[in-house]
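Here the protein sequences line up with chains H, X and P, keeping their order. Residue numbering for the first sequence follows my numbering, beginning at 190 and increasing consecutively. Residue numbering for the second sequence follows my numbering, beginning at -5 and increasing consecutively. Residue numbering for the third sequence follows my numbering, beginning at 525 and increasing consecutively. Think of the CB as a built atom: it goes at the ideal place given N, C-alpha and C, for glycine as much as any other residue.
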Amino acid sequence: MNVSARAEGGMIGRPTPRIDGRLKVTGAARYPSDVILEDTAYAFLVMSTIARGRIKEFDLTEAQAVDGVLDILTYENTKGKVRKSRYFMRGGYAASSVVPLESPKIWHDGQIVAMVVAETYEAAREAAYKVRVESSAREAAPGFDERRPQPRQTPHIFAGSEPQVGDAETAFQDSDVQIDAYYTTPTQHHNAIELYTTTCVWSGDQLTVHEPSQYVHGLKNGLAKQLGIKPEKVRAVSPFIGGAFGAKAALTSRTALVAIAAKRLNRPVKLVATRQQGFTVSTYRAETQHHIKLGADRSGRLMSLSHEGWEVSSRSDDYKVAGTETTALLYACPNVFTRVNIVHADRSTPGFMRSPAEVPYVFALESAMDELAAALSMDPVELRRINDTRVSPIDQKPFSSRSLRTCYDRAAEAFGWSKRNPVPGSMQDGEWLVGWGCATACYPTNVAPAEARVTLAPNGTARVQTAGHDLGTGAYTAIALTAAEFLGVSLESINVELGDSTLPPAPVAGGSNATASICNAVAQACEDIRDRLARAAVQSGGALRGADATSIRLSRGALVSADGRSEELKESLSRLGFGPIEGFSKYVPEVASLPIRIMGHTLLSRGLPVMTIGTSAGDHVQYAFGAEFVEVRVHERTREIRVPRLVGAFAAGRIVSPTTARSQLLGALIWGVASALHEETEIDERVTRYVNKDLADYMIPVNADIRDVEVILVPEEDHKVNALGIKGLGELGNVGTNAAIANAVYHATGRRIRDLPIRIEDLL
Amino acid sequence: MDTYSPLKTPSLSQRNGSMTAVNLVLSVNGRDYRLTLDARVTLLDALREQLSLTGTKKGCDQGQCGACTVHVDGRRILSCLTLAASVEGKAITTIEGLADEGGLHPMQQAFMDHDAFQCGYCTPGQIMSAVACVTEGLAETDDDIREYMSGNLCRCAAYPNIVAAIKQARIDMQRGRS
Amino acid sequence: MRPFAYERAGDLVSAVTAATIEADSQIRAPIQFLAGGTTLLDLMKIDVMRPERLIDINPLEKSLSEISFDRSGLRLGALARMSAVAHHPDVEREYPVISQALKLGASAQLRNMATLGGNVLQRTRCPYFRDVSWHACNKRDPGSGCSARQGLNRNHAVLGTSDHCIAAYPGDFAQALIALDATVSIAGSKGDRRIPFSDLHRLPADTPHIETTLSPGELITEFHFPARPWARRSLYLKVRDRESYEFAVASAVVALDLADGVVRDIRIALGGVATVPWRSLAAEDALRGKPLDESRAGMAAEAAFATAKTFGGNDFKPELGRATLVRALLAVAMLEVRS
């Protein structure tokens, strides 16, 4: 079914204020953290302070003596209560294989070792501070052993993640110009402003969990599995999410504990993990190392590309992002070698953080490309142009669309790139050294199965229901625009319900798949409605009798045929029964593989990860692209680094909601600034513990750090990615920004910084 | 004076032990609430957990993010580092009390017009801070707005849109005053 | 947060009398004054401070927050809020460095809350001090050791350190106080006293847990800045990783009395690099009576950091500190100052 042919409303692509805006600016939007229930008891976590070892003994005397304490969960009274849910990368739900409060074993610093529940938050916190944990610590491994790693530290097999073609090493040796360099990226934490909170309440054997979530169906099913109850006995509610960025996708160890406490006390229990605890309650972006070798001929054409990555994971799990899948196909190159290694350390299991694979891996490649341009004395934009490709260099599959060159053209022009003096250190404004740099942004177009229910009432109002999520991405608005378009009604008449596991299942809001997956599902549900109304209308004795049903569309509260006849919606609806009509769809991505076609909706209803990723989309590869230009300023004496200007041009297929898409890209560019200059979780390697666990010491940009940011939406049509032609873009904008900034720092100072973040001391 | 009964009535004063209860009246958005609280309760937790005024957000609980910004006697402050007991008798305004019932403050309207938020969780704090920024006379230039709004972190990074919203609302607010 | 009794101060005398109690230092006393609360409540929440009784001195604000300027100098009540002083026209005009130091500290909300008295007494940001799960911290638990010396110490001090503590003093305003020869008025149950600001803070030495010379129950009531020729030609330069809302990586206060390009008198203080508010007499001496140019500024900066000691993560700080001071010196010499 080609739903795009039905679109006539002019709603998709229309700039509009987000439809949930009023709730957000008035404080009326109820985030999961805002749920206040009668008779709530409050929980407070106690975390391990060693990274590896065993708990020898608890002394709870002092804690239990605190007025109002109701319960203290430790492994001694909770082990066996939480069943194992498999790690999400192994086909389960959990952010880690470690089962909460299962045993005295300590896997990492900041592991939950106890949870105090009390009448008030104040009492719970006080008692938690009074829990005494005696443990025996063993020596712990913090991460990489060496600054420059050894190849292949684990024998783990990465099916499909290590693309290779030709003979990269020989081609490198034979190249006229060679770049051979190491790059590193630091540990980073999402630090969404909404904390990791959970409220659980039982009504008989029915559990409701209020928790900020990017995947309510995963949360529901995973929690049911952990508690050994049927999934239908669990409801997960998260209509708003105060920032997620990947951290609220997999099931963390706190949730089951709150559910168990609520059951034991037979009253609601609310947990608000502190900002500090949040550094190990959920996941993080682990540090990475990269070895890049580029070989090119004198004209700048790549002859050899080699990218080996090293990533840190926990002892318990093989988390990896393996970004060479992307870096191997960014540019034309006949010889490509890639390899990815995992180094296990005594840390919590890392997880997705906005553009998980691309942020670290593209930083390395796009820095190396800038080094190559410098070695060739070539304009870095020209180098990208020369090496642009229409097909994947690995298997020659075509890109479904690729507007990288147009993005570079548009962004370069808006930025004024032609005025750049290429000599490092040549541009200065008063006391500030000025540098201009650029880099490529790219992100795979992932699409997942999704379900949606649309209900259209005789008065022209409609209700759209799907268990998708609006993380601030604008999902409410994009979905409403899609429904308004296909139902031919105004935006105001659409009511969208998201973030509740009682709604038809939708995929995790991750991998930038949500807009494509859900809007296609909604369009199909609307088409279901249109089709039924139209077929009944043409067979009736009404105004549309005998018309071609397929040509009838919904417009302004009426059914309209191609020959100009029309009938009021009310009348069409009354023919099919009393009241509203319900449309339902189970969208299967057009590019899905056979297993996903067969099993996709079963997996989806079980809350399991199921997605067609951009590199396995049948006979082509599908990616969104962008080009980013930045200006940095470095003080000539004191070396503060500021970024007064960013320009990004992005092509991501059809843009459903330009207002919110623009905001996504704007925020992502600023994320790129943060990742280049500000963010780093510091580890005290003596004991493998994080040290800067708050928002004063873990820095993200403040308002004063950001000045001019320009986002250019480059029009792009792509009929291969899905019926509506949508590519995701939430994770596109912060890919490459860190390299663009590092490249600009080089241009300003002549200093090539290959280790992020770039700080004052790197430039003194 | 309205007497407000909290959802739960922890009878702190009746308990023995170390906890100290305080009886107080909080004046929030023009309404008085009589409360008995543990002396440790912050204004933020009192607003959220006792009065169900959850528009004021907890983002760090230690003065590092600005999500809990409210006005006390017209000045923007952080409710997470303020004891509820210490603001008895002062006029507290939260996001819920910024505009008349059913209406929008020009700043709220401007934030919508400029898409000055994404997830929206820092937004009430941003708006309370922004209103004060204008009334303090510290929103006259873009640089001033950026500097004097730097106490409100936005992880979604809507900063340029926030600046644009404040510039619009500043004009509307100044027009409204004259 | 541990339980505490909360009470409001009725008047100054009864407040200081009520707070007078036996303790090895003021900050470790079981009775604490609550003013802005921005340091105290923060540290109580994370269990670093555990007072049993809080005396809320905000009711004394009216009498202790006066800002007055006359020929003898500037008086600032200790309960004046940072924002009120920062934007006060007399302060902005006559003592620009005070206004700048206050405006560049914390955030607008925190400046509306924090008082001047609390500001100068703010505690270090050393993460090992601020997290009680680190066993070794001599400042928190005397004799337990120092986690920072061999730990992560990018933000730690290079001046005034000891074997027992290298935690940096985090404030901005105090650098203006120490540079401008300010004095502090203190009320106590045994009577009032007035001391040079430079006598308020104590080097960590072997007692880093005793941070000031205040006795338990003593309360700062006022700061006094004398009128001096260098006050108007003064500035505060704060260098940090982000543009705002961050503690100084390095900072400098310079107040200069310049005549025909020659330094008649000068005051220099350094922030972000020392364990206490840090006046650099060595740097001042290197410039007094000399022309102020790039090379002289560099010599002064060398002198300022001649005794610096680094610990790994902060190896860059002497160089950054010197660059910061040179930049501040050259900038202050260029200022247009009307007489």
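_Inter-residue spacing [alpha-carbon to alpha-carbon] between Cys150 (chain X) and Leu727 (chain P)_ = Position 156 of the second sequence, counted from the start, is the residue given in the question as residue 150 (chain X). Position 203 of the third sequence, counted from the start, is the residue given in the question as residue 727 (chain P). Linking Cys150 (chain X) to Leu727 (chain P) through their CA atoms gives a straight-line distance of about 42 Å.
*To the nearest angstrom, report how far apart His65 (chain X) and Gly57 (chain X) are at their CA atoms.*
By one-based count along the second sequence, residue 65 (chain X) stands at place 71. By one-based count along the second sequence, residue 57 (chain X) stands at place 63. The straight-line gap from Cα to Cα measures roughly 15 Å.
*Hey, does Thr174 (chain X) have any beta-carbon neighbour from chain H nearer than 7 Å?*
With chain X represented from -5 up to 172, any question about residue 174 (chain X) goes unanswered, as that position is not in the structure.
*Between the region 137 to 156 of chain X and chain H, which residues of the former have CB atoms less than 9 Å from a CB of the latter, in chain order?*
Asp137, Ile139, Arg140, Glu141, Tyr142, Met143, Ser144, Gly145, Asn146, Leu147, Cys148, Arg149, Cys150, Ala151, Ala152, Tyr153, Pro154, Asn155 and Ile156
*Cβ-Cβ distance between Leu783 (chain H) and Ile770 (chain H) below 7 Å*: As a working mapping, residue 783 (chain H) is identified with position 594 in the first sequence. As a working mapping, residue 770 (chain H) is identified with position 581 in the first sequence. No, the pair does not count as a contact, with Cβ atoms beyond the cut-off.
*Indicate the three-state DSSP secondary structure (helix, strand or coil) for Ala798 (chain P) in the structure shown.*
One-based indexing of the third sequence puts residue 798 (chain P) at position 274. It is a strand residue.
*asked:* Tell me the residue span of the beta strand (DSSP E) that contains Tyr776 (chain H).
replied: The residue labelled residue 776 (chain H) in the question sits at position 587 within the first sequence. Looking at the DSSP string, the run of the beta strand (DSSP E) that includes Tyr776 (chain H) is Ile770 to Tyr776.
*Are the region 355 to 372 of chain H and the region 416 to 427 of chain H touching, with three or more C-beta to C-beta distances below 8 Å?*
Using a Cβ-Cβ distance cut-off of 8 Å, the region 355 to 372 of chain H and the region 416 to 427 of chain H are not in contact, since fewer than three pairs of beta carbons, one from each stretch, lie closer than that value.
*Using a Cβ-Cβ cut-off of less than 7 Å, give me the residues of the region 219 to 240 of chain H that come near chain P, in sequence order.*
For the region 219 to 240 of chain H, which is checked against every Cβ of chain P, the residues closer than 7 Å are Thr238.
*Note down the Cα distance separating His345 (chain H) from Phe333 (chain H), rounded to an integer number of angstroms.*
Stepping through the first sequence from its first residue, residue 345 (chain H) is reached at position 156. Stepping through the first sequence from its first residue, residue 333 (chain H) is reached at position 144. Note that His345 (chain H) scores a pLDDT of 47, beneath 50, so its modelled location is shaky; the value from the coordinates is reported in the next line. Answer to the nearest angstrom: the Cα atoms are 17 Å apart.
*Counting only runs that start and end within the region 700 to 752 of chain P, where is the beta strand (DSSP E) found for 3 or more residues in a row?*
707 to 711, 717 to 720 and 743 to 750
_Which of helix, strand or coil DSSP assigns to Trp296 (chain H)_ = Sequence index remark: in the first sequence, residue 296 (chain H) carries index 107 (1-based). If DSSP states are grouped into helix, strand and coil, Trp296 (chain H) belongs with coil.
*Since Ser488 (chain H) contacts Ile575 (chain H) with CB under 8 Å, what's their CB separation in whole angstroms?*
Here the question's residue 488 (chain H) lines up with position 299 in the first sequence. Here the question's residue 575 (chain H) lines up with position 386 in the first sequence. 7 Å between Cβ atoms; contact.
*Answer yes or no: do Ala776 (chain P) and Leu805 (chain P) have a C-beta to C-beta separation smaller than 7 Å?*
Locating residue 776 (chain P) in the third sequence gives position 252, counting from the first residue. Locating residue 805 (chain P) in the third sequence gives position 281, counting from the first residue. Cβ atoms of Ala776 (chain P) and Leu805 (chain P): not closer than 7 Å.
*Note down, in chain order, all residues in the region 649 to 665 of chain P with a beta-carbon under 9 Å from any beta-carbon belonging to chain H.*
Arg649, Pro651, Tyr652, Arg654, Asp655, Val656, Ser657, Trp658 and His659
*asked:* Assuming Ser744 (chain H) is part of the alpha helix (DSSP H), what are its boundary residues?
replied: Mapped onto the first sequence, residue 744 (chain H) falls at position 555. Element bounds for Ser744 (chain H): not the alpha helix (DSSP H) but the beta strand (DSSP E), Arg742 to Ser744.
*Could you list which residues in chain P have their beta carbon closer than 9 Å to that of Glu311 (chain H), in chain order?*
Reading the first sequence from its first residue, position 122 is the one you call residue 311 (chain H). Here the neighbours are Met525 and Pro527.
*When the Cα of Ser324 (chain H) is compared with those of H:Asp752, H:Ala240, H:Trp391 and H:Leu491, which residue comes out closest?*
Position 135 of the first sequence, counted from the start, is the residue given in the question as residue 324 (chain H). When each option's Cα is compared against that of Ser324 (chain H), the closest is H:Ala240.
*Quick one, which of H:Phe541, H:Val214, H:Tyr231 and H:Glu251 has its alpha-carbon nearest Thr376 (chain H)'s?*
What you label residue 376 (chain H) is simply residue 187 of the first sequence in a count that begins at 1. Considering only alpha carbons, the answer is H:Phe541.
*asked:* Taking the alpha helix (DSSP H) that Leu554 (chain H) belongs to, which residues open and close that run?
replied: Within the first sequence, numbered from 1, the residue matching residue 554 (chain H) stands at position 365. Per DSSP, Leu554 (chain H) belongs to the alpha helix (DSSP H) from Glu547 to Leu565.
*Ignore the nearest five residues each way along the sequence and tell me which others in Ala830 (chain P)'s own chain have a CB closer than 8 Å to its CB.*
As a working note, residue 830 (chain P) is residue 306 in the third sequence. If we look at Ala830 (chain P) and ignore the five residues flanking it on each side, its Cβ neighbours are Ala806.
*asked:* Counting only Cβ pairs nearer than 8 Å, list the residues of chain H close to Arg164 (chain X).
replied: The residue labelled residue 164 (chain X) in the question sits at position 170 within the second sequence. Residues of chain H passing the Cβ test: none, with the nearest at roughly 15 Å.
_Assuming contact is defined by CB atoms lying nearer than 7 Å, are Gly677 (chain H) and Leu722 (chain H) in contact in what I supplied?_
For the purposes of this step, residue 677 (chain H) is identified with residue 488 of the first sequence, where counting begins at 1. For the purposes of this step, residue 722 (chain H) is identified with residue 533 of the first sequence, where counting begins at 1. For Gly677 (chain H) and Leu722 (chain H), no; Cβs fall outside 7 Å.
*Based on the DSSP secondary-structure assignment, which residues constitute the bridge partners of Val832 (chain H)?*
What you label residue 832 (chain H) is simply residue 643 of the first sequence in a count that begins at 1. The partner list for Val832 (chain H) (beta bridge, DSSP) reads H:Ile895.
_Is there a C-beta anywhere in chain H that falls below 7 Å from the one on Ala691 (chain P)?_
Counted from its first residue, the third sequence places residue 691 (chain P) at position 167. By this cut-off, Ala691 (chain P) is not an interface position.
*asked:* In this structure, how does DSSP classify Cys113 (chain X) when only helix, strand and coil are distinguished?
replied: Along the second sequence, read from residue 1 onward, the residue named residue 113 (chain X) stands at position 119. Three-state result, Cys113 (chain X): coil.
_Rounded to the nearest angstrom, what separates Arg243 (chain H) and Ala326 (chain H) at their Cα positions?_
Here the question's residue 243 (chain H) lines up with position 54 in the first sequence. Here the question's residue 326 (chain H) lines up with position 137 in the first sequence. Their Cα atoms are separated by approximately 7 Å.
*asked:* Does Cys59 (chain X) come out as helix, strand or coil in the three-state DSSP assignment?
replied: Looking up residue 59 (chain X) in the second sequence gives position 65. Three-state DSSP puts Cys59 (chain X) in coil, outside helix and strand.
_Taking only three categories from DSSP, how would you classify His936 (chain H)?_
Position 747 of the first sequence, counted from the start, is the residue given in the question as residue 936 (chain H). His936 (chain H) falls in the helix class under three-state DSSP.
*Scan the region 835 to 861 of chain P for residues whose Cβ lies nearer than 7 Å to a Cβ of chain H and list them as they occur along the chain.*
Phe840, Glu843, Leu844, Ala847, Thr848, Val850 and Arg851
*Express the C-alpha separation of Val862 (chain H) and Asp765 (chain P) in angstroms, rounding to a whole number.*
Position 241 of the third sequence, counted from the start, is the residue given in the question as residue 765 (chain P). Position 673 of the first sequence, counted from the start, is the residue given in the question as residue 862 (chain H). Rounded to whole angstroms, Asp765 (chain P) to Val862 (chain H) spans 12 Å at the Cα level.
*Neighbouring residues, chain H, relative to Tyr769 (chain P) (Cβ below 7 Å)*: Reading the third sequence from its first residue, position 245 is the one you call residue 769 (chain P). Neighbours of Tyr769 (chain P) in chain H, taken as residues whose beta carbon is under 7 Å from its own, are Val891 in chain order.
_For Ala933 (chain H) and Met567 (chain H), what's the separation of their Cα atoms in angstroms?_
Numbered from its first residue, the first sequence carries residue 933 (chain H) at position 744. Numbered from its first residue, the first sequence carries residue 567 (chain H) at position 378. Ala933 (chain H) and Met567 (chain H): Cα-Cα distance of roughly 15 Å.
*Taking any Cβ of chain P, which residues in the region 934 to 952 of chain H have a Cβ under 8 Å from it, in chain order?*
Arg948, Ile949 and Glu950
*asked:* With a threshold of 7 Å between beta-carbons, can Arg464 (chain H) be considered close to chain X, or not?
replied: Indexing the first sequence from 1 puts residue 464 (chain H) at position 275. So, interface residue.
_Exposed unless 16 or more other CB atoms sit within 10 angstroms - verdict on Lys608 (chain H)_ = As a working note, residue 608 (chain H) is residue 419 in the first sequence. With fewer than 16 Cβ atoms within 10 Å of its Cβ, Lys608 (chain H) is classed as exposed.
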